[in-house]
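Below you'll find the structure, written out as structure tokens, and then a few comments.
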Amino acid sequence: MHTSLPRWLALSAAILPTATAFYPYHYGDDRTSTSSEHSRRRPQLSNVDTNALSVTLPLRRIPAGLRSRQNAYNIANSNDPKQENSVAVDQDGGDLSYMVAVTFGDSKEEYHLLLDSAASNTWVMGQDCSTEACKTHTTFGKGDSSTLQTDAKTFSVTYGTGSSSGTLATDTLHVGSLSSTLTFGLATNVSDEFRSYPMDGILGIGRGSGAQGSIAAPQIMDVLSTNHLISAKLYGIHLSRSQDGLLDGELNLGEVNKDRFTGDLNYIPCVENSSGFWEIPIEDAGVDGKPVGLTGRTAIIDTGTSYILMPQPDAEAIHKQILGFKQDGETFFVPCDTPSIVQFTFNNHAYNISTADWRGGKVDGGLCRSNIVGRQTFSATQWLVGDVFLKNVYSVFDFDGSRVGLGVKGREEVMESSTSATASGESTRSFTPGSGPSTATMAGSDMTSAGAFSASASKTLSSASGSAGPASAAETQTQGQQGGAEGKTSAPLLAFLVAFATLSMFI
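See below:
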């Protein structure tokens, strides 16, 4: 049915002992990825209606250093957090990629690294990298830090359609107010797929450790804990939503920020796996308080993934509960004015996903894409749950407890329903797997019930891979949440999202 669709490019990547998928994801492309590909994807762009309601966010162009090449991408910077041992989580202005700014050694350069809970290693583009992708990013090398120590040992990351490789290096990594010596990858060869995206590298905060073929060294959370720089080996994440205009994303290292959620954290024990994923059981999904009946699934919680990816039959089961949905292979469409609320249930608590987050860009015929994609990335029972969900909760990743905590965002009091399911998000509708609808007062009252901004918010971004050069973007640009970007399939693309994309990426 919708065969002529704008393409949303997405990356898949990871530092794993085996080859990982890293290839463009196109809506309407029904190619099936296998479990060995370990793919995560982000959309690249969609057509944009520049007359739509918009939100303007301040963007800063990263200054060029004396020796390193300049990062040619605009980044929406969050305000500095008030809590100790915390760092701002910046984004691309479209809710597609979330990054933290770090420095190395005595360098004054800032490097934006993708915040990736599904990767356990850190790497940055090196000064000796001569590939085209490195030319548009801030690179790091001996000319930048006098304390940098290089190693002859190599690392290599292979993706489905791209790669990154280089040598190991050691220097002091500064994250917010915390500093510790870290061994990381210094990439000397980065494939062209990275030209379109703003990150200068990856900050791995997954559960795994170094493995053969990657970077066999302690990761950042290991060294912070070992050096007693944090009180507990855990971190909390609050992701900002661009349409809210709050610029308040933050990463809390070693301590939970209790001001970011209401009530108690709901801790879910992790499912053990060999890949270092934060994988937890998901009891069911629901729409408008009606359970779908998808039991026996697990969710890989991944800050490096923009969307929610699941096997196509599961995505079909969810969308069949939404009046007026249509399907084109793994891509789903819903009426842009749908009031439906999607919920995921973890440990007897149902969490609403804001319509503004799960409903994507406008296509034609009054339809919008769904940001829940029917693409199997791992096994038939594993879902890849990314930022579309994580924007609706405060999430805690506890290494020593091998668990993930979810907190309800918002200011209103949260009440448990008679069925013990707590709803969070934008609706008063809740559900318990296997039961009928129940009600609960939800948090997050500042979210719009039908996503007032989402279907009409606009953004304009310039990408290095687009027709406009990276330097052509204005210092301040009109933006909105990607999920609400409007456009028509017959119209030319007006702007390229600098989204690093990874509706899959860097696992």
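Those letters in the sequence shown? Residues -21 to -1, 1 to 486, by mature numbering (1 follows the signal peptide of the UniProt record, and there is no 0). Heads up, the beta-carbon is just placed ideally off N, CA and C, and yes, glycines get one too.
Other residues of its chain near residue i: CB distance less than 6 Å, five sequence neighbours each side excluded
i              : result
arginine 239   : His217, Tyr373
glycine 215    : Asn231, Val235, Asn236, Val375
aspartate 425  : Residue confidence is low: aspartate 425 scores 34 on pLDDT, short of 50, so the model does not pin down where it sits. Its coordinate-derived value is still stated next. No residues qualify anywhere along the chain.
threonine 160  : Thr151
alanine 80     : Glu89, His91
methionine 289 : Trp362
glycine 255    : Ser99, Gly185, Arg186, Gly187
serine 144     : Ser135, Asn168
valine 380     : Sequence inspection shows glycine at residue 380; the valine mentioned does not correspond to that position. Around glycine 380: no qualifying Cβ.
Boundaries (first-last residue) of the alpha helix (DSSP H) holding residue i
i              : result
residue 501    : Missing from the structure shown is residue 501; the chain here goes from -21 to 486 and no further.
isoleucine 194 : Where isoleucine 194 is concerned, there is no enclosing alpha helix (DSSP H), given that its DSSP letter is neither H nor E.
aspartate 336  : 334 to 337
Identity of the residues DSSP links to residue i by a beta bridge
i                 : result
tyrosine 214      : Leu232, Phe376
asparagine 245    : Leu385
isoleucine 297    : Beta-bridge pairing links isoleucine 297 to no other residue.
valine 202        : Paired residues: none, contrary to the question.
histidine 328     : Phe325
alanine 131       : Per DSSP, none; premise fails for alanine 131.
glutamate 258     : Ile279
threonine 146     : Thr133, Leu165
alanine 264       : Phe323
glutamine 361     : Thr277
valine 352        : Leu288
histidine 153     : Thr82, Ser158
lysine 341        : Cys347
phenylalanine 119 : Gly105
Candidates the options: closest to residue i by CA position
i                 : options                        : result
phenylalanine 378 : Gly233, Thr146, Cys108, Asp95  : Gly233
isoleucine 261    : Ser96, Ile280, Phe163          : Ile280
alanine 359       : Asp343, Lys299, Ala294         : Ala294
glycine 187       : Gln198, Ile247, Ala335         : Gln198
isoleucine 194    : Leu182, Ser204, Thr205         : Leu182
glutamate 251     : Ser144, Gly185, Lys212, Arg220 : Gly185
glycine 228       : Gly386, Lys305, Lys370         : Lys370
alanine 166       : Ile301, Lys114, Gly386, Arg220 : Lys114
isoleucine 332    : Gly353, Ile287, Arg348         : Ile287
leucine 223       : Gly73, Gly380, Val66, Leu385   : Note on residue identity: the sequence assigns aspartate, not leucine, to residue 223. Comparing Cα positions, the closest option is Gly73.
arginine 276      : Thr282, Glu258, Ser219, Gly155 : Glu258
asparagine 326    : Tyr176, Lys121, Leu244, Lys61  : Leu244
proline 318       : Glu309, His328, Tyr330, Ile301 : Ile301
glycine 268       : Ala211, Ala329, Leu213, Val66  : Ala329
alanine 278       : Phe357, Leu226, Lys87          : Phe357
methionine 78     : Ser86, Asp95, Gln62, Lys87     : Asp95
serine 221        : Gln106, Ala335, Thr82, Lys61   : Ala335
threonine 82      : Gln291, Leu226, Gly155, Cys347 : Gly155
leucine 226       : Asn53, Asp59, Tyr52            : Asp59
serine 86         : Asp130, Gln106, Asp71, Leu75   : Gln106
alanine 67        : Asp201, Leu213, Ser219         : Ser219
serine 76         : Asp201, Lys61, Thr282          : Thr282
arginine 354      : Cys347, Gln291, Lys341, Leu213 : Gln291
methionine 178    : Tyr52, Thr129, Ala211, Asp201  : Tyr52
8 Å contact criterion, which residue i and residue j should meet: CB distance rounded
i          : j                 : result
valine 136 : phenylalanine 119 : About 17 Å separates the two Cβ atoms, so there is no contact after all.
valine 266 : valine 321        : 6 Å
Contact with chain B by residue i, beta-carbon distance below 9 Å
i            : result
threonine 82 : In summary, chain B is missing from the structure at hand, where a single protein chain is found.
Bounding residues of the beta strand (DSSP E) (the contiguous stretch that carries residue i)
i              : result
lysine 305     : 305 to 307
valine 271     : Looking at the DSSP string, valine 271 is not in any beta strand (DSSP E), and its letter there is neither H nor E.
alanine 80     : 77 to 83
cysteine 347   : 346 to 349
proline 314    : 310 to 314
methionine 104 : 102 to 104
aspartate 95   : 90 to 95
leucine 182    : 180 to 183
Spatial neighbours of residue i in its chain, beta-carbon cut-off 8 Å, leaving aside the 5 residues before and after
i             : result
threonine 110 : Asn168, Val169, Ser170, Asp171
glycine 84    : Asp123, Ser124, Ser125, Thr126, Leu127, Asp150, Thr151
threonine 101 : Leu92, Leu152, Leu161, Phe163, Gly164, Gly180, Ile181, Leu182, Gly183, Ile194, Gln198, Ile199
threonine 205 : Pro197
alanine 112   : Met104, Val169, Ser170, Asp171, Glu172, Phe173, Arg174
cysteine 108  : Thr118, Gly145, Ala166, Thr167, Asn168, Val169
Cβ neighbours of residue i in the same chain (closer than 7 Å, five flanking residues each side left out)
i                 : result
leucine 273       : Asp263, Ala264, Asp293, Ala296
phenylalanine 157 : Note that residue 157 is leucine in the sequence shown, not phenylalanine. Within the same chain, leucine 157 has close Cβ partners Asn64, Leu203, Leu208, Leu232.
serine 349        : His298, Phe311, Phe312, Val313, Trp337, Arg338, Gly339
asparagine 304    : Going by the sequence as given, residue 304 is phenylalanine instead of asparagine. Closer than 7 Å at the Cβ level, and outside the excluded window around phenylalanine 304, lie His298, Phe311, Phe312, Val313.
lysine 132        : Thr146, Leu147
arginine 382      : Tyr246, Ile247, Pro248, Cys249
valine 271        : Asp263, Ala264, Gly265, Ala296, Ile297, Gln300
lysine 212        : Met200, Ser204, Phe378, Asp379
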